[in-house]
């Protein structure tokens, strides 16, 4: 048994041996395929088998290569990113294989990057570089431009931006009535284009950090962004070439980050947490409920639900800094009052310096009672220095601190909760570090302390990148259910003609709530218009915005979203005159980004079709057979349900949305008035208007009752309406419902803010691509110029070093030095106008000229280490060979051919080393060396391969079995004797009875190896190895006799 195992292992090692060594050297080794006649037959059989398997192997490796190429292509798009787009700075995070969630460092190795862009005629600056340029060129440096997204020129925020930053010139786009930044007569950019530049820059940072291209991203936006503002961000991302997986509200991203890292603390008991986020530009207060819920696919999983949202669009750190800037400007003017000096407020550079100092001062005063503000050379080479106390700062911002509790009250009102139900209040955002803000907020929430156990700067970025990984198909994350909430309600308005009295017609205006305030999204809804048989229009507008103040309503903009004009309704009725109309269905979608869209409008018709009993029977049998193959039931009820599922498909957006049970019922009542498959009583609104529950028009009551008695529009029958008797079922079989859907033409008239036309969007995309390409060309040219200049200085210095002078002649060094001087002079005189190709060509010429010199120096540096390693390997190999030859013949595991081969390689390596070193010693140092480091490495690899083979063979070899003792006394078998030698009973394999004849014991005079040679060679499985280990353990437990010891 042990012999078979040893030989089986040798056979397994043979392919590796054949690959490592030449085939001719394999003759004479144990386990080789040559030798006796029987092995010659085995060799022919193996060769035939290899020839048969060769086409299969080729196909196998071709398939593996294809799969590997697909995996490599997929790995290039594995990484995803998130951008936490704040008013003052942004944080970028990535997820890639091996990097779960990580904040990206910018070029200055900082974790957050200023959202600042400097635009000049020939160059652009981003991040910290642009923030530094704000002092030198404030007009071309754009900041806080997100406040202008989705707003027209008459918006109060546009006027506020002009007042805060008077150095920027804003003109009006005549087509969209939005504003644009005019840097110069040739440079004009919209806020969307500037944001697209920033997003493209954030992607470049993420790609450099991830070391692979990235396309997919999740971008955070404020929760108070309306439809126009969200569409503007999506357009900016499209200009940047990003695929937006989702626009996630920053408060939702923060709540997700908090929940992900505290997953174990979430249970079935609801926990209400309030997040108070005061950033640079705005303040948002959010109430979130955490608890575990049962999901359809993953069982019990944690969930966060946004319960309430309150906000203040202008309360933030920027307004505090502007108050401080104004205070410092007044102090500076007072210091120069008697000098008839110019007002500092009229100098944009001086005001930019004051704003930067105000930012620093606000941060310092958060930890100190007073601080000295000082600016060197503020204006007209006059230095400014003034002491500012925290009390003065709090007095300047007293009205701002009074507004701190406002978002808390609004959030509680929208959530319909009280402060007693809030378990904890957590601070988020940089402006919450101001002590006065914390003091006022603590009084407002009536808690013992405020929670500071979250990273106030990076929480939103981490939550957004977790959501990006969850939405990406390349990653699998632990489920965390996110139920965001609609901040602004959306409704549908339409007008229809009604007949109040016979012959008296009037127009009735109807409103139907489509998405209610604080209702969850994403979700889809369907509204059915049942009383129209001709083309008509309806309007999509915002709902009741009474929770907004007068100023917020002016900032909000237009409350009308879209007018939908339907074309083809009358034609559809003419096309199917014999069919019963089921109404005009409009399918709406409020996606993950909170953007509303009208997917399609359909005219639905239905009729009863008579089928012959034979045909129905055949179809029924076929349907039952197919359903039974997939585990379905063959009962009539299951058949009816299957039909219902098909008909319900186009209605599934209504029921399949991520809505609460109450919301689903409301949706069915509002959007699908004729449907009966609801747990609540059928609505009393006449079919067509999708009226709310409480409205009950007086007209056509009888028609409503008749409609209620009909089967459901979706084909769903209630329990009381389903036929139970087989006779009734047979009666219904010949007649079945046939449903036809006609697509209706839709014309959308956007009322809030017109989107960019496709031609304008394409021009903007091309414009940004050209600017990016120009920046890349500039960076490449600067890199080439720096490389050329660095090579010149380094080489000139090397020419005077002893190790370089030793391997070169005076003429060679003079030639190189003269060439370096020539190129250096050209770089100073004409290098500014040289192209990237010219700079690279000059560098290539210099490297080619110095190649020989550098090669000789590098080789001489490598010689000592390489030669020492070769000597050590030769010595160890010789010692190993000497030890192998001393092994007794009975225990010898190496063949003579193997030891002779190793000895030959050792001798050849010694001879090559001695000969080559002698030749190298005769050559002058200035000539090309014959002793090369790569040749030394090749000789070492060849010798090491021979030694490693023999070491591996010794590692897996087993000692040869001993012959039996010739004395007449019977001895106990040794521990490592095989089962056949010990005469133990052989357990028959599965399927063989005990009566089967076991393998006979070898005759006396036959050794174990000879007996094994007569048996077929087999590779043992795990069971045989385990049985032998068990036998060895039993042998170890048996007490040994003295003669065995």
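Numbering (the working numbering), first residue to last: 50 to 1094. Backbone N, C-alpha and C define an ideal beta-carbon position, used for all residues, glycine too.
CB of residue i within 8 angstroms of CB of residue j, strictly
i           : j           : result
residue 328 : residue 136 : yes
residue 988 : residue 919 : yes
residue 213 : residue 371 : yes
residue 285 : residue 241 : yes
residue 607 : residue 801 : yes
residue 128 : residue 153 : no
residue 268 : residue 132 : yes
residue 573 : residue 638 : yes
residue 356 : residue 464 : yes
residue 272 : residue 299 : yes
residue 515 : residue 526 : yes
residue 539 : residue 578 : no
residue 655 : residue 787 : yes
residue 325 : residue 477 : yes
Residue environment, residue i, which counts as buried when at least 16 other CB atoms sit within 10 Å
i           : result
residue 188 : buried
residue 171 : exposed
residue 812 : exposed
residue 900 : exposed
residue 321 : buried
residue 849 : exposed
residue 794 : exposed
residue 937 : exposed
residue 739 : Low per-residue confidence applies at residue 739: pLDDT is 43, beneath 50, and the placement is therefore not dependable, though the value from the model is reported in the following sentence. Buried, since its Cβ has 16 or more Cβ neighbours within 10 Å.
residue 365 : buried
Bridge-paired residues (DSSP) for residue i
i           : result
residue 591 : 539
residue 431 : 428
residue 636 : 575 and 649
residue 182 : Beta-bridge pairing links residue 182 to no other residue.
residue 569 : 534
residue 982 : According to DSSP, residue 982 bridges with nothing at all.
residue 786 : 657
residue 145 : 148
residue 133 : 140
Where residue i falls: helix, strand or coil (DSSP)
i            : result
residue 1007 : coil
residue 824  : helix
residue 361  : strand
residue 138  : strand
residue 618  : helix
residue 312  : helix
residue 990  : helix
residue 343  : strand
residue 422  : strand
residue 336  : strand
residue 975  : coil
residue 354  : strand
residue 247  : helix
residue 495  : coil
residue 275  : coil
residue 529  : coil
residue 802  : coil
N- and C-terminal bounds of the alpha helix (DSSP H) containing residue i
i           : result
residue 376 : 366-384
residue 326 : Note, residue 326: premise wrong, no alpha helix (DSSP H); beta strand (DSSP E) at 320-327.
residue 955 : 945-971
residue 920 : 885-934
residue 524 : That residue, residue 524, is in no alpha helix (DSSP H); it is neither H nor E in DSSP.
residue 405 : 397-414
Where the beta strand (DSSP E) containing residue i begins and where it ends
i           : result
residue 583 : First-last for residue 583: undefined, no H or E at that position.
residue 561 : 553-564
residue 292 : 292-298
residue 265 : 265-270
residue 165 : 165-168
Contact test: residue i Cβ vs the ligand NAP heavy atom, cutoff 7 angstroms
i           : result
residue 526 : Summarising the ligand content, the structure contains no ligands, and the ligand NAP is consequently not present.
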